[in-house]
Amino acid sequence: MRIHQALLGAAMITAAGCSVTDNYDRTQNPFLEPSVRIEMPEKEVTSKPTLPSPSKYSTIPIPGTATIRPAPAPPALVSSEVPSLTNTFDQMIAEANRLGAAGDVQGKAQLLEQAGYTGSGKAFYLLARMQQDGSLPKSDDQMLKFLALAHEAGEVEATRVLGLLYLRGLSVPKDIAYGRGLLDQAAATSSRAALEYGQLLSGQSMPDLKDINASIPYLRFAYQSGERGAFDALLYALEIAGASEQALILRAQGESDVQLPSTIEERDSGSVTTNALTADDVFNHGQAVLIRRVPDPEPEFTGYCWIAAADALGHPGASKELDFIQGVRAISDRRSPGRLDACIQKIAAQYSRH
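Residue 0 is where the sequence shown starts when you use numbering that gives the first Met the number 0, and the numbers rise one by one after that.
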């Protein structure tokens, strides 16, 4: 079984005093959240838990071990005690995060280990992230061990990350078929996995899996789930696949999604004005979308659109803000020429009526 080989390999590496080469491509780090990465002070973990029997787990090797077909991850733990167990795990993870925020990285790791071996796949996944992001001393074999345990416990994010690692040959031997199987499994329930798998299938990220038609259902699921960036990815895939009619429908839908917020503001005179937006209102709304204070399926696109509209309406700080996010226009103009300008014009035109 893969996990048995993984644990034996980890023991041999530790006994030999060797270090594992960190071959992570930081420009394609599958652990990173779309916009936020948790940074923790570095502090070594001195105690290690006793591992359960390797036969309980399966399938994930460390670098240098043979590749064997994966066993699918079982569903997450289901029993009459699930609500209480879930609450307990959530409380343990919250306490672990509190310890980490206070600088006690060792305490955080120990509490996450306890939660993981009690049955929390999410806790194992968070431990793997700590191994990778430098919160703990980096170790590929430890990272992969925790990912394997999280995957077997049904943690979909671990399955997603493992799929990307195998597809790219990062920290593990490259195995396209295995990686695709893991990503396909994760994409059934994770919109983020669906987006990433769809981008790989359509050649929008590497390695190019060259299956444009297969990418469309995944990208459509990601788009319908509100996954950031899915609109442009789906539009690109439809156009490359020759589905021009579907692409036109999607483009029109995207343009119609631009909505002005309804605001009712009390003025000094005491009167109430509906939809009375000032240039400051437009600018502030754009910033709120960019920082995710206002939910939006395409926060970069929508935020840029609003801030550019505020600039057109004479807001003094909008132009400088646009300089920081000018890459959004370049990407949008390449993927959907004219869409961003139409959005800006629509907002500016509606404002000018007030």
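Here a beta-carbon is modelled for each residue, glycine too, at the ideal position from N, C-alpha and C.
Small disclaimer: the values here were computed from a predicted structure and weren't measured.
Item: Rounded Cβ spacing between D29 and L163 (contact assumed at less than 8 Å); Value: Strictly speaking, residue 29 in this sequence is Pro, with Asp absent from that position. That belief holds up - the Cβ atoms of P29 and L163 are roughly 4 Å apart, short of 8 Å.
Item: Selection from I306, T117, F145, A101 that minimises the alpha carbon distance to Q130; Value: F145
Item: Cβ-heavy atom distance, G118 to the ligand FMN, below 6 Å; Value: Inclusion of the ligand FMN in the displayed structure is not the case, the ligand content being empty and no account of it being possible.
Item: Rounded C-alpha distance that separates L237 from A192; Value: 19 Å
Item: Buried or exposed by the 16-neighbour rule on C-beta atoms within 10 Å, applied to K319; Value: exposed
Item: Alpha carbon of G180 to alpha carbon of L194, nearest angstrom; Value: 15 Å
Item: DSSP three-state assignment for D139, whether helix, strand or coil; Value: helix
Item: Integer Cβ distance of R328 from D231, believed to fall under 8 Å; Value: With a Cβ gap of about 12 Å, R328 and D231 do not count as contacting.
Item: Segment contact, 8 Å Cβ cut-off, at least three pairs: the segment 234-253 with the segment 276-288; Value: no
Item: For Q109 and L76, the rounded distance between their alpha carbons; Value: Per-residue confidence for L76 stands at a pLDDT of 42, beneath the threshold of 50, marking its modelled position as unreliable; the derived number appears in the next sentence. The alpha-carbon atoms of L76 and Q109 are separated by roughly 22 Å.
Item: Nearest-angstrom Cα separation, counted from S134 out to A157; Value: 18 Å
Item: Sub-7 Å separation of A101 and Y124 beta-carbons; Value: no
Item: Residue range of the alpha helix (DSSP H) that includes E238; Value: 229-239
Item: Limits of the alpha helix (DSSP H) - the one that K319 falls within; Value: 317-323
Item: Three-state secondary structure assigned by DSSP to M205; Value: coil
Item: C-alpha gap between V271 and I343, whole angstroms; Value: With a pLDDT of only 28 at V271, under 50, the local geometry of the prediction cannot be trusted, and the value read off the model is given with reservation. If you take the alpha carbons of V271 and I343, they lie about 27 Å apart.
Item: Burial state of L247 (16 or more Cβ within 10 Å); Value: exposed
Item: Which of helix, strand or coil DSSP assigns to R334; Value: helix
Item: Contact check, G120 vs E94, beta carbons under 7 Å; Value: no
Item: F323, buried or exposed, once every other Cβ within 10 Å from all chains shown has been counted against 16; Value: exposed
Item: Inter-residue Cα distance where the pair is V171 and F88; Value: 30 Å
Item: Chain-order list of residues whose beta-carbon lies under 8 Å from that of C304 (same chain, five-residue window excluded); Value: V257, G285, L339, C342, I343, I346
Item: Neighbour-count burial assignment, R292, 16 or more Cβ in a 10 Å radius; Value: exposed
Item: Extent of the continuous alpha helix (DSSP H) run through R128; Value: 120-132
Item: Where E310 falls: helix, strand or coil (DSSP); Value: Here residue 310 turns out to be Asp, not Glu, going by the sequence shown. Helix at D310.
Item: Beta-carbon spacing of Y196, Y217 below 7 Å; Value: yes
Item: Straight-line Cα distance separating G337 from L182; Value: 34 Å
Item: Boundaries of the alpha helix (DSSP H) in which D280 is found, first to last residue; Value: 278-289
Item: N- and C-terminal bounds of the alpha helix (DSSP H) containing A187; Value: Taken as a continuous stretch (DSSP letters only), A187 belongs to no alpha helix (DSSP H), as it is neither H nor E.
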